[in-house]
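Take a look at the structure below.
In the UniProt record's numbering, the protein residues as written are 1 to 987.
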């Protein structure tokens, strides 16, 4: 990687734009970046680092210092041309900065931007996105990080001695950042994680073995006689032998329990036979006892059964008389129904005994009542219309009252209308006077509104005038500066005209000024020489700024005129209060205009209404007189109709109610006459049927028809009695047959005792069941133990497989993490890598330090800091003249400088070799050399000079005179009178 050109502007103290041709100062392989302290030398290094990484060189520096604090219209930028592998690239970056808005009211933040080009073979934009460009730059630089770049390409001021003075922990942090040893730390962590997983798998496998042994112990039911811990600790062979013995002992228990079951089963069978024989005797004795008891019960029920037989025979005889008895019953029911019908008639119809009622007299009474009801028909017609006529009378009366009231109201209104019209006309005169002011107030309001608008615009116009004046001042300053720049350039050009003419001199050719053909000491151009093109550009820029100034002055003049006109239009006082008062008066006058129109309409309406009221009053008086006459006549008619109705209705609510009552009584008398005739016929028929049934009952053997009817039974009752009689007869037969059987007849009269035999059977079965349970338990234990042994074998196989598969992981993890069992030095992988990198740095630095110190000093690792797994990053200086080892803190200022420089160069060499793939052809060293004496400075410069091997270019940042005397090619940084700085190249 080689740097070719650096351009920057508005960066740090460099307010203007500068372009540095780095190839021009790189011809000798070494150049100087010099200038007074604080002029901006480190800013050049910051610009290089920022171009590549968007960061600055010094670890203590801040990107905030990139954008210049000096006023400039130039956008801050850094542009760097570089080559990697012979291919040129260009990168352009702008830092985050604040930019003034166009109206000058505030600033806005502009975010960082980047553009990266490949220039060969054809120019091509690779990226214009920050993240993408950063990744591409890092790829081009072989993966070199910003930290590594600062260490191997830009060695910033104040950081040479950092690594030399650092503690072991601080060196560890530096080395980890530079060499990315966190990768090895991640390997350690990954192996630790895998070891933890392997140990977990081993633990789980061992636990499965233990769980299988615990299950086997529970299955064998041996309790404390089986020690799980000892079995876990035992070898597979010993464990298998002990478990074989266990399985054999449980198998023997199975055989023994089977024999016990056979003996107990035979005993149960023998006792069961005795029990069955005794149970048979008990059953026969129970049958005999039951049969004898049943025979006694049947004997006791014999008399009741005989009575039932007689009752059934009487019922069957009475069933032959059923038709005659039914006919008599129907006739008696007809008599009861006829009497019940008479009882349901109204009490007025049956107020005498039934036997005394005359049907013909009842018919005559009904005829008389119907005649009375017919005579009331005309009165009912009058009564039905009376309510409507009373309503008409009430309506007519109300109409007369309303007409009288309306006449009174109209009379009063007609009398009051002249006074109302006078009041309306007076109000109209007052409102008309106020409405006449509308036109005058409208004109006054327009004038006040114009003044108010002008008054409101005054602040904005005053601000615009101030801004315009400020713009004039700013542009005038810029114009003055531009003109001064042009005049300075013109002066420089005139002063350097001799040098410009000297560039055209040729030996043997006469000088155009003096005519001489020899030119022994031609004038040389100064560093700040100005050519004709630059002078022309400055002149054009000056005139452009003057044109801008003229436009700014015109805008200021216009703003001043606008403000003056607004002040003239606005007057001396704020018109807001007067404007509000006039607006209120105008609103009142406009409301008066509306009120005037309403009053004119009201007066017209009042005139019309008064005439209408006078006509209506005359019509109303005539209608009232007519209605009063009609009311008198109609009232007499209604009173007479009321008298007739009252006289006709008697005690009833109405004549219609009286007529309904007469009709109801006539119907009741007619119904009673018919009911009496029906009763007389039913009684005669019932007497005839009763005589016939009594004669038939006596012929059938009953005392009377009533006795025969009492003997009749319901079919279901008769069927039930027959079933009961037959069941008794069957039961007698069954008992006789049971008692006739030989086994029952010869059975024991008293049942033998079963309790002792049943107790013997229960005991024998208990002994057998106990033996069966022991046998089942033994068989289950054998099956469970065999199952558990199968699980144990699988667990043992799994454990062996896990142990074999995890053994390499555990061994490698223990070795990498420094476990003493496999790593006697107890040093971890990351610590080992750090130590190796550190030793490489120390070796590279020692070679350079030995040369710088004329063979006196070399650097060595401090062995006292190593051991017990420590990284051992301690550092001592060996004085080869005295063989004394010194702490780096005891070095003098000059010794400390070249020791730290040697260490920094060694660190850069190792980092460069570590990154690989990209040849770093440009190196900057930013450090003060003032602490070195002349001889040491010479040695240091020889070491730096050796860095040029292989085409490398070294840039030294210093303002020491001895260094400047030794290096011809340089980049010069100079402060300017306005506080900014300029930068130029001198070769």
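Virtual Cβ for every residue (Gly too), placed ideally from N, Cα, C.
query: Nearest to residue 694 by CA position, among 909, 327 and 934, is which residue?
result: 327
query: Is the Cβ-Cβ distance between residue 859 and residue 846 less than 7 Å?
result: yes
- request: Output the distance between the C-alpha atoms of residue 93 and residue 481, rounded to the nearest integer angstrom.
  value: 28 Å
message: Taking its Cβ as the centre, do 16 or more other Cβ atoms sit within 10 Å of residue 447, making it buried, or is it exposed?
response: exposed
query: In this structure, does DSSP put residue 878 in helix, strand or coil?
result: strand
- prompt: Touch check for the segment 963-979 and the segment 30-42: three-plus C-beta pairs under 8 Å?
  reply: yes
query: How many Å lie between residue 53 and residue 137 at the Cα?
result: 8 Å
field: Cross-strand partners of residue 320 (DSSP beta bridge)
entry: Answer is none; residue 320 lacks a bridge partner.
message: Taking the straight line between their C-alpha atoms, what separation do you get for residue 439 and residue 598?
response: 20 Å
query: Looking only at its own chain, which residues have a Cβ that is under 6 Å from the Cβ of residue 10, when we skip the five neighbours before and after it?
result: 68, 72, 74 and 76
message: For residue 114, count the other beta carbons within 10 Å of its own beta carbon; 16 or more makes it buried, fewer makes it exposed. Which is it?
response: buried
message: Looking at the secondary structure, which residues open and close the alpha helix (DSSP H) in which residue 15 lies?
response: Looking at the DSSP string, residue 15 is not in any alpha helix (DSSP H); the run it does join, the beta strand (DSSP E), is 14-21.
query: Nearest-angstrom Cα distance between residue 676 and residue 374?
result: 27 Å
task: Check whether the segment 890-908 touches the segment 848-863, taking contact to mean three or more Cβ pairs, one atom from each stretch, closer than 8 Å.
output: yes
Rounded separation between residue 4 and residue 467 - CA only: 45 Å
CB-CB length for residue 656 against residue 412, believed under 8 Å: 50 Å between Cβ atoms; not a contact.
task: Rank 889, 121 and 381 by C-alpha distance to the C-alpha of residue 644 and give the top, closest one.
output: 381
- prompt: Can you give the beta carbon distance from residue 888 to residue 210, rounded, assuming they're within the 8 Å contact cut?
  reply: Actually they do not touch by this definition, with Cβ atoms about 59 Å apart.
task: Since I believe residue 817 is in contact with residue 192 (beta carbons under 8 Å), could you give me their beta-carbon distance rounded to a whole number of angstroms?
output: 6 Å
C-alpha distance - residue 259 paired with residue 248, whole-angstrom precision: 17 Å
- request: Rank 80, 289 and 2 by C-alpha distance to the C-alpha of residue 738 and give the top, closest one.
  value: 289
- request: State the DSSP-derived secondary structure class of residue 387, mapped to helix, strand or coil.
  value: helix
query: Leaving out the 5 sequence neighbours to the left and right, which residues in its chain are closer than 7 Å to residue 560 when beta-carbon positions are compared?
result: 465
message: Restricting to Cα atoms, I'd like to know which of 594, 605, 285 and 358 is closest to residue 417.
response: 605
query: Roughly how many angstroms separate the alpha carbons of residue 368 and residue 706, rounded to a whole number?
result: 48 Å
message: Restricting to Cα atoms, I'd like to know which of 87, 294, 618 and 653 is closest to residue 728.
response: 294
Residue 712 versus 316, 237, 287 and 169, residue with shortest Cα-Cα distance: 316
message: For residue 472 and residue 543, what's the separation of their Cα atoms in angstroms?
response: 15 Å
- prompt: So is residue 512 buried or exposed if we call it buried at 16+ other beta carbons inside 10 Å?
  reply: Annotation note: pLDDT 49 at residue 512 (below 50); position unreliable, coordinate value reported separately. It counts as exposed.
message: Going by the DSSP bridge assignment, what does residue 2 pair with across the sheet?
response: 83
field: Spatially closest choice to residue 722 from 199, 479 and 307, by CA coordinates
entry: 307
task: Report, in whole angstroms, the separation of the C-beta atoms of residue 437 and residue 620, which I expect to be a contact under 8 Å.
output: Actually they are not in contact, since the Cβ atoms of residue 437 and residue 620 sit about 47 Å apart, beyond 8 Å.
message: Which residue marks the beginning of the alpha helix (DSSP H) containing residue 686, and which one marks its end?
response: 655-699
query: Which partner residues of residue 924 appear in the DSSP bridge assignment?
result: 154 and 955
- request: Give a yes or no on whether the C-beta atoms belonging to residue 925 and residue 956 are separated by under 7 Å.
  value: yes
Own chain partners of residue 434 with C-beta closer than 8 Å, once the 5 adjacent residues on each side are dropped: 588, 589 and 592
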